Amino acid sequence: MVPVTDAPGADTPPIVVRGGTVVDATGERRADLLVVGDRLAAVGPDLEVPSGARLVEAGGCVVAPGLVDLHTHLRQPGAEEAETIETGARAAALGGYCAVVAMPNTDPPVDSAAVAADVLALGRKAVCRVEVAGAITVGRAGERLAPMGELAALGVRLFTDDGAGVQDAGVMRRALEYARGLESRGLPVVLGQHCETDSLTAGGVMHEGAWSSRLGVPGAPAESEELMVARDIALVRLTGGRVHFLHLSTARSLAMVAAAKAEGLAVTAEVTPHHLTLADEELAGYDPIYKVNPPLRTAADAAGVRRACAAGVVDAVATDHAPHPPEAKATTLQDAAPGMLGLETALAVTLDALTGATAAPAMALGAVLGLLSWGPARIAGLAVDQGGDQGGPLVAGAPANLFVFDPEERWEVDPARLASRSRNTPWAGRTLRGRVRHTVWRGEPVVVDGEAQR
Ligand code: DOR
0 MVPVTDAPGA DTPPIVVRGG TVVDATGERR ADLLVVGDRL AAVGPDLEVP
50 SGARLVEAGG CVVAPGLVDL HTHLRQPGAE EAETIETGAR AAALGGYCAV
100 VAMPNTDPPV DSAAVAADVL ALGRKAVCRV EVAGAITVGR AGERLAPMGE
150 LAALGVRLFT DDGAGVQDAG VMRRALEYAR GLESRGLPVV LGQHCETDSL
200 TAGGVMHEGA WSSRLGVPGA PAESEELMVA RDIALVRLTG GRVHFLHLST
250 ARSLAMVAAA KAEGLAVTAE VTPHHLTLAD EELAGYDPIY KVNPPLRTAA
300 DAAGVRRACA AGVVDAVATD HAPHPPEAKA TTLQDAAPGM LGLETALAVT
350 LDALTGATAA PAMALGAVLG LLSWGPARIA GLAVDQGGDQ GGPLVAGAPA
400 NLFVFDPEER WEVDPARLAS RSRNTPWAGR TLRGRVRHTV WRGEPVVVDG
450 EAQR
C-alpha cells in the first residue's frame with residue numbers, strides 16, 4: 000500500500016474527544032479519547048485535558064472508527080463538473096468517512112499505472128484517505144486484461160469494471176487466475192464484480208416487474224444480476240479466486256452469496272443504502288433521480304437485502320456515490336444518467352434501515368457500524384491488522400481515524416448544502432435521523448460541528 004505522506008495531522012495540537020460512547024469491533028464503552036499527532040494517545044473515562052489541547056465535544060454521541068466506502072465515484076479525471084477528488088473527499092468526511100475507494104470508470108479509465116498514480120497523488124491532498132480501484136480490463140471493455148500487476152504494485156487492491164460487469168466468462172476466469180498469481184507474489188487483490196448481464200439489461204431503465212409494466216417503461220430483470228452472481232460463484236469455485244460482489248440488489252443474489260460462503264468460497268458482498276430502503280415504486284412519478292444501476296428492486300427485495308445484513312451475509316454497505324450534473328438528470332427516464340449521491344446520507348439512511356423502528360430484525364448499532372467501517376476496511380486491505388489504518392478498535396496507540404455522530408439528531412437534506420459538486424440525491428427534502436458532528440482523520444479534525452474545516 001502506498002504510504003500517505005503529505006497529509007497533515009502530525010502538526011495539529013492534541014485533541015480530546017470528550018463525553019461520548021465509543022462503539023467499535025470490541026464493543027461499547029463510555030470513554031474520552033486523547034489524540035496526539037496521528038494516533039490515539041489514551042482512551043478511557045474522564046481523561047484529563049492537557050493544556051493547549053482542543054476539545055471536541057461528544058456528549059450524547061457515538062464515537063466510532065471512521066467509515067470506509069468501497070464504492071465511490073469521484074469522477075476525476077474527466078467529469079470534474081460532477082465531482083472532483085477534493086469535493087468528493089469533503090463530502091465523504093462530512094459523512095463520517097475516513098477512507099474511500101474511487102471507482103475506475105473515469106475518462107480516461109483507471110486501467111494504467113499512470114492514471115492510478117495521478118488519482119492517488121490528487122487523493123493525498125484530500126480530507127480523507129483516497130484509494131483507487133483499477134479496471135479489470137483495458138478501457139473497461141471486457142476484452143483484454145488491464146495491467147493488474149503494475150496497478151497492484153502501486154497499492155491497488157480492488158479491481159473492477161464497475162459501471163459494467165465483465166460479460167465474458169473466459170475473460171473473468173483469466174482475471175481470477177491472474178489475481179491468484181498476484182496474491183502468491185504477495186500482492187493480495189480482489190476482483191469486484193458489477194453484476195449485470197448486458198444482453199438482459201439492454202434498454203432497461205428500471206427493474207422489470209409490475210411497476211415497469213404499469214409505467215410502460217422498459218425493465219431490466221433481477222435475473223440480469225443473478226445470472227452473473229451464479230456464474231462468478233462458479234468461477235470462484237473453478238479458480239480458487241476471490242470475488243467481491245458490488246451493490247447487490249436482489250434477495251436471490253444474497254441467498255446465492257450465503258450458500259457460497261457456507262461452501263467456504265472466497266466471496267464477499269456489499270449492498271447500498273438505497274437498495275436497503277428504496278423500491279421500484281419510487282419511479283411511479285418517472286423521476287430520473289431514482290434511476291440507478293442496478294435498479295431499485297421490489298420492496299420484497301429491499302426487505303431481503305436488509306435480512307441478509309442482519310443474517311451476516313453482507314460484508315459491507317457501500318454508497319455507490321454517483322454524482323451527475325443537473326443536465327444529466329433533467330431529462331427523460333430513458334436518457335437520464337443512472338446513479339445517486341450517497342456519501343453525506345449513507346450513515347443516517349443505513350441506520351434507519353437496519354436499526355430503526357421498521358427494521359426487522361433490528362441490528363445492533365455496532366454490527367451496522369461494522370458494515371460501514373471495519374467490514375469494508377478489510378475488503379479494501381486497509382484494516383489495521385492488515386497493516387492499514389482503518390476500522391480498527393479505538394485503543395491507545397491506534398491510528399486516529401474516527402468520527403462522532405449523534406444517533407438521534409434529525410436533519411432535513413438540503414441539496415444546496417451538500418459538499419458534493421452534484422445535487423442528485425434522492426433524499427432531498429426528507430428528514431433523516433443520525434447526524435455526523437465531527438470527523439478526525441490522521442489526527443486532524445477535518446469536520447467540526449458538521450462543518451468541513453478545509
Ligand atoms: O447507477 C450507477 N451509476 N451505477 C453504476 O454502476 C455506475 C454509476 C455511475 O458511474 O454513475
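Numbering (numbering that gives the first Met the number 0), first residue to last: 0 to 453. We put the beta carbon where it would ideally sit given N, CA and C, even for glycine. Fair warning: this is a prediction, and the values are worked out from it, not measured in the lab.
Cβ separation of residue i and residue j, assumed to be a contact under 8 Å, to the nearest whole Å
i	j	result
T318	D68	5 Å
L199	P220	6 Å
V312	A229	Not confirmed; about 16 Å, so no contact.
S248	V316	Not a contact, Cβ separation roughly 13 Å.
G365	V42	Not quite, the Cβ-Cβ distance comes to about 16 Å (not below 8 Å), so this is no contact.
G164	M227	5 Å
R409	T430	5 Å
Chain-order list of residues whose beta-carbon lies under 8 Å from that of residue i (same chain, five-residue window excluded)
i	result
R172	L234, L237, T238
E281	Y289, L295, P425
L342	D68, T71, G87, A90, A91, L93, G94, Y96, V99, T318, H320, S419
V34	P13, I14, V15, V16, A40, A399, V439, G442
L214	M205, L282, A283, Y285
Same chain, Cβ closer than 7 Å to residue i, neighbours up to 5 away in sequence not counted
i	result
D314	T267, A268, E269, G374, I378
G162	N104, R139, H193
V367	T349, L350, L353, T354
Residue closest to residue i, alpha-carbon to alpha-carbon, out of the options
i	options	result
R416	G442, V403, G94	G94
E149	S111, Y177, A174	S111
V48	V62, L32, D37	L32
V439	P64, A335, G51	P64
D117	Q75, V126, D405	Q75
P44	A52, Y285, V15	V15
G154	T344, V129, H437	V129
A52	F402, G442, L144	G442
D160	V109, D286, G390	V109
V394	A40, V35, G36, T11	A40
A115	V131, A125, G18	V131
L190	A57, S211, E407, T136	T136
P488	V62, V291, V435	This structure does not reach residue 488, given that the chain is present from 0 up to 453, and the question cannot be answered.
Spatial neighbours of residue i in its chain, beta-carbon cut-off 6 Å, leaving aside the 5 residues before and after
i	result
Q166	G141, D197
L121	I84
L66	G95, Y96, L371, S372
D106	G77
A463	One cannot answer for residue 463 here, as it falls past the ends of the chain, which runs 0 to 453.
V446	A92, L93, H437, T438
G202	P217
beta-carbon residue i near ligand 2 non-hydrogen atom, thresh 6 Å
i	result
V48	Absent from the structure shown: ligand 2. Ligands present: ligand 1.
Local Cβ density within 10 Å of residue i, reported as buried at 16 or more and exposed below that
i	result
P337	buried
D413	exposed
R29	exposed
S421	buried
L54	exposed
A382	buried
Q333	exposed
D286	exposed
G19	buried
D384	exposed
G8	Any reading at G8 needs caution, since the residue's pLDDT is 48, under 50, leaving its predicted position unreliable; the model's value is listed next. Counting Cβ neighbours within 10 Å, G8 comes out buried, since at least 16 surround it.
P444	buried
K328	buried
A224	Residue identity differs from the one stated: residue 224 is Glu in this sequence, not Ala. Classification of E224: buried, given that the 10 Å Cβ count is 16 or more.
T331	exposed
T455	Absent from the model: residue 455. The displayed extent of the chain is 0 to 453, so no value can be given.
Item to check | Contained beta strand (DSSP E) runs [length at least 3] in the stretch 242 to 289, N- to C-terminal order | outcome: Counting whole runs of 3 or more residues, the stretch 242 to 289 contains the beta strand (DSSP E) stretches 242 to 244, 266 to 270.
Checklist entry - What residue ranges within the stretch 171 to 238 form continuous alpha helix (DSSP H) runs of no fewer than 4 residues, ordered along the chain? => result Those alpha helix (DSSP H) runs which fall completely within the stretch 171 to 238 and span 4+ residues are 197 to 200, 209 to 214, 221 to 238.
Checklist entry - What are the uninterrupted segments assigned as beta strand (DSSP E) that are 3 or more residues long and contained completely in the stretch 366 to 431, given in chain order? => result List check, beta strand (DSSP E) in window: 401 to 411.
Checklist entry - Can you list, in chain order, the stretches of the beta strand (DSSP E) that have 3 or more residues and sit fully within the stretch 80 to 135? => result Fully enclosed beta strand (DSSP E) runs of 3 or longer: 96 to 101, 128 to 131.
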